[in-house]
Amino acid sequence: MANRMDERRKGLEEEYFRRKDQEAIEKLRAKMKVAAEAKAAGTSSMQCPRCDGTLKENSFEDVLIDTCDKCGGVWLDSGELEQLTRKESAGWLNRLWSAEK
Ligand SMILES: [Zn+2]
0 MANRMDERRK GLEEEYFRRK DQEAIEKLRA KMKVAAEAKA AGTSSMQCPR CDGTLKENSF
60 EDVLIDTCDK CGGVWLDSGE LEQLTRKESA GWLNRLWSAE K
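See below:
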């Protein structure tokens, strides 16, 4: 009896996290769609997700990153973080990630 309860609870937890993942993926897809549309329209600039500033493309360590002209927030396209991490293999970003594992 107790086992069945545990299994049911586990199932509900899995369902909950699966749904949360799905929501996060859909939000990310929506943001990527906005970015793709802005690029297709010939404007590399798009609105900052945090404030009403505009994201401007900047080159940092040969990787293009979008930086907000108002709050200074940084926006990375998919793969850009990996590129920066690889360049910074002995740097602070990698040390930070190693420390968290
Ligand atoms: Zn901003």
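Residues in the sequence shown are numbered from 0 upward in steps of one, following numbering that gives the first Met the number 0. Idealized CB from N, CA, C, for every residue including glycine. Just so you know, these numbers come straight off a predicted model, no measurement behind them.
{"Check": "So, for Trp-74: in the same chain, excluding its five sequence neighbours on each side, which residues have a beta-carbon less than 6 Å away from its beta-carbon?", "Outcome": "Leu-54 and Asp-65"}
{"Check": "Measuring CB to CB, does Met-45 end up less than 7 Å from Ala-37?", "Outcome": "yes"}
{"Check": "Applying the criterion that 16 or more other CB atoms from any shown protein chain within 10 Å of the CB defines a buried residue, is Cys-70 buried or exposed?", "Outcome": "exposed"}
{"Check": "Looking only at C-alpha atoms, which of Phe-16, Tyr-15 and Glu-56 sits nearest to Gly-72?", "Outcome": "Glu-56"}
{"Check": "To which residues of the same chain is Val-62 closer than 8 Å at the C-beta, ignoring the five residues directly before and after it?", "Outcome": "Glu-79, Gln-82, Leu-83 and Lys-86"}
{"Check": "Can you list, in chain order, the residues of its chain with a C-beta nearer than 8 Å to that of Cys-50? Leave out the 5 residues immediately preceding and following it.", "Outcome": "Cys-67, Lys-69, Cys-70 and Gly-72"}
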